[in-house]
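Trainee: For reference, the structure I am asking about is given below.
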Amino acid sequence: MREDYPQCSILRYHYGEMSRQSSHKAITIALMALGAVLLVLLIALGHIYMALRRADVINRRALSFSVFTEKRAPLSASSVGTIRMWMTFGYLNKAFSIPQNYFKDQLHITDIHYPNLTLERYASENGLAPSVALQHVQDATAYYFQTPHP
Amino acid sequence: MDSLLSLLLSYLLLYRYAALAFVVYIGAVGAPLPVNEMLLALGAFASQGYFNIWGSLALAFAANCLGDLTGYAIAKKYGDGILRVLHLRKARFFVQLEEELRSDAAVTVFMTRFAGSLSSVTNLLAGLVGVPLRTFILYDAIANLIEPAAALGIGYAVGEYWNAFSDALAIVAGIFAVLVIMFVLVRMQRRIIRKYEKVRE
Numbered sequence: 052m053r054e055d056y057p058q059c060s061i062l063r064y065h066y067g068e069m070s071r072q073s074s075h076k077a078i079t080i081a082l083m084a085l086g087a088v089l090l091v092l093l094i095a096l097g098h099i100y101m102a103l104r105r106a107d108v109i110n111r112r113a114l115s116f117s118v119f120t121e122k123r124a125p126l127s128a129s130s131v132g133t134i135r136m137w138m139t140f141g142y143l144n145k146a147f148s149i150p151q152n153y154f155k156d157q158l159h160i161t162d163i164h165y166p167n168l169t170l171e172r173y174a175s176e177n178g179l180a181p182s183v184a185l186q187h188v189q190d191a192t193a194y195y196f197q198t199p200h201p
Numbered sequence: 004m005d006s007l008l009s010l011l012l013s014y015l016l017l018y019r020y021a022a023l024a025f026v027v028y029i030g031a032v033g034a035p036l037p038v039n040e041m042l043l044a045l046g047a048f049a050s051q052g053y054f055n056i057w058g059s060l061a062l063a064f065a066a067n068c069l070g071d072l073t074g075y076a077i078a079k080k081y082g083d084g085i086l087r088v089l090h091l092r093k094a095r096f097f098v099q100l101e102e103e104l105r106s107d108a109a110v111t112v113f114m115t116r117f118a119g120s121l122s123s124v125t126n127l128l129a130g131l132v133g134v135p136l137r138t139f140i141l142y143d144a145i146a147n148l149i150e151p152a153a154a155l156g157i158g159y160a161v162g163e164y165w166n167a168f169s170d171a172l173a174i175v176a177g178i179f180a181v182l183v184i185m186f187v188l189v190r191m192q193r194r195i196i197r198k199y200e201k202v203r204e
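Written out as structure tokens, the structure is:
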């Protein structure tokens with residue numbers, strides 16, 4: 052400390068030093084807490100990775116360039132379980148390669164917005180519980196693959 | 004599945020590219036929307052032929068950049084007034100944060116693009132502390148190309164199994180957020196130690 056500091060400057064210096072030390076301490080505590088959070092997140096990520104490996108999802112979709120270049124086959128009957136209420140009939144037609152009016156005829160849909168119609172809206176317009184409506188659509192999709200088509 | 008995500012996916016399938024641009028833009032400005040999960044699903048939809056992957060990437064990039072610039076511009080225009088009202092200009096922590104953001108603007112802007120909601124907060128802070136526009140745009144654009152490309156690419160690669168990866172993506176965003184905050188705090192601490200040592204001399 053310099054000898055020629057006046058009294059109030061000495062007090063200011065000590066106050067500054069205490070403020071810096073308290074900032075330093077606060078930042079150190081914050082860093083330790085964040086380190087703990089980081090560890091938890093890494094462990095969670097590891098768990099998810101192992102779960103995906105066990106379910107064979109990661110192996111099935113091993114990242115090779117051909118995944119991006121080869122034309123994908125449409126979804127088949129085995130993927131009927133992936134249908135969800137937020138999906139539209141237009142999307143299902145494309146994803147499963149089903150003719151545009153198939154669901155309209157099979158489920159007797161009269162909404163003019165078809166195929167731009169979500170399954171949720173189809174359920175509410177027909178007074179169906181979501182689980183019932185979903186089952187109807189899944190059954191209709193599965194039935195399409197069971198019957199021969201040109 | 005999260006009901007908000009289900010709603011967004013319905014809008015995405017109904018209104019397609021318009022919904023994509025709108026949701027990504029609003030998410031970049033600051034709305035807490037599950038944009039990364041939506042992009043993951045969009046990649047899967049593109050693998051099934053319902054969307055064009057390159058068009059989706061270009062649109063997500065543009066909407067993201069515009070949204071980030073909106074947050075930056077609002078903070079730059081009105082930030083001074085807000086800081087005065089909240090008396091933040093004299094707050095020690097804010098002054099230190101300001102110094103830190105100015106000196107490490109490029110790294111902070113770049114890394115927070117991968118850190119979910121921290122990205123919008125950084126946009127506002129960057130405008131408030133006066134990060135140069137050129138620096139902000141450059142590193143924002145580079146990261147905004149990589150981040151949606153990663154989400155779209157993973158969704159495209161895994162197809163109908165995209166939902167299994169959405170939790171992993173959220174955790175990765177959390178990891179980036181924690182790393183960025185730690186980086187900023189470590190730099191602030193070093194700055195404090197350097198100042199303290201200079202005063203001691």
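So the sequences go chain by chain: L and Y.
Mapping to the working numbering: the first sequence position 99 is 150, numbers consecutive.
Mapping to the working numbering: the second sequence position 199 is 202, numbers consecutive.
In this text, a Cβ means the ideal position worked out from N, Cα and C, and glycines have one as well.
Remember, it's a predicted structure, so these values are computed and weren't measured experimentally.
1) For the candidate residues 200(Y), 29(Y), 17(Y), whose alpha-carbon lies nearest to that of residue 71(Y)?
2) With burial defined as no fewer than 16 other Cβ atoms inside 10 Å of the residue's Cβ, what is the status of residue 134(Y): buried or exposed?
3) Would residue 209(Y) and residue 23(Y) qualify as a contact pair, given that the criterion is a beta-carbon distance under 8 Å?
4) With DSSP collapsed to three states, give me the class of residue 11(L).
5) When you compare only the Cα positions, how much space is there between residue 68(Y) and residue 31(Y)?
6) Let's test the definition: count the other Cβ atoms within 10 Å of the Cβ of residue 52(L) and tell me whether it reaches 16, buried, or not, exposed.
7) Using a cut-off of 7 Å between C-beta atoms, extract the partners of residue 163(Y) located in chain L.
8) Using the C-alpha atoms, what's the distance from residue 160(L) back to residue 95(L)?
9) Report the three-state DSSP secondary structure of residue 139(L) (helix, strand or coil).
10) In chain Y, what lies closer than 9 Å to residue 80(L) by C-beta?
11) Tell whether a beta-carbon distance below 8 Å holds between residue 96(Y) and residue 142(Y).
12) Skipping 5 residues on each side, what residues in its chain have a beta carbon closer than 8 Å to that of residue 107(Y)?
13) Any idea if residue 145(L) is buried or exposed, counting beta-carbon neighbours within 10 angstroms, 16 or more meaning buried?
14) Mind checking the segment 91–110 of chain Y against chain C and listing, in chain order, the residues whose C-beta falls within less than 9 Å of any C-beta there?
15) Between the C-alpha atoms of residue 124(Y) and residue 191(L), what's the straight-line distance to the nearest angstrom?
Mentor: If we stick to the structure as given:
1) The residue labelled residue 71(Y) in the question sits at position 68 within the second sequence. Nearest Cα to residue 71(Y) within the set 200(Y), 29(Y), 17(Y): 29(Y).
2) Taking the second sequence and counting its residues from 1, the one referred to as residue 134(Y) is at position 131. Buried is the call here.
3) Any question about residue 209(Y) goes unanswered here, given that chain Y covers just 4 to 204.
4) Only positions 52 to 201 of chain L appear in the structure, and residue 11(L) is not among them; the question remains open.
5) Locating residue 68(Y) in the second sequence gives position 65, where the first residue counts as 1. Locating residue 31(Y) in the second sequence gives position 28, where the first residue counts as 1. The straight-line gap from Cα to Cα measures roughly 8 Å.
6) If you number the first sequence from 1, residue 52(L) lands on position 1. Residue confidence for residue 52(L) is low, a pLDDT of 47 falling below 50, so the modelled location carries little weight; the figure read from the coordinates is stated next. Exposed, because fewer than 16 other Cβ atoms sit within 10 Å of the Cβ of residue 52(L).
7) Here residue 163(Y) corresponds to residue number 160 of the second sequence, with the count starting at 1. In chain order: 126, 130, 133.
8) Position 44 of the first sequence, counted from the start, is the residue given in the question as residue 95(L). Position 109 of the first sequence, counted from the start, is the residue given in the question as residue 160(L). Each residue's CA atom was taken as its position, placing residue 95(L) and residue 160(L) some 44 Å apart.
9) Indexing the first sequence from 1 puts residue 139(L) at position 88. If DSSP states are grouped into helix, strand and coil, residue 139(L) belongs with the strands.
10) One-based indexing of the first sequence puts residue 80(L) at position 29. Within chain Y, no C-beta atom comes less than 9 Å from the C-beta of residue 80(L); the nearest is roughly 10 Å away.
11) As a working mapping, residue 96(Y) is identified with position 93 in the second sequence. As a working mapping, residue 142(Y) is identified with position 139 in the second sequence. In this structure, residue 142(Y) does not lie closer than 8 Å to residue 96(Y) by Cβ.
12) If you number the second sequence from 1, residue 107(Y) lands on position 104. If we look at residue 107(Y) and ignore the five residues flanking it on each side, its Cβ neighbours are 186, 187, 190.
13) Numbered from 1 along the first sequence, position 94 holds the residue referred to as residue 145(L). Residue 145(L) should be labelled buried.
14) Note that chain C does not occur in the displayed structure, where the protein chains are L and Y.
15) In the second sequence, residue 124(Y) corresponds to position 121, counting from 1. In the first sequence, residue 191(L) corresponds to position 140, counting from 1. Between the alpha carbons of residue 124(Y) and residue 191(L) lies a gap of roughly 47 Å.
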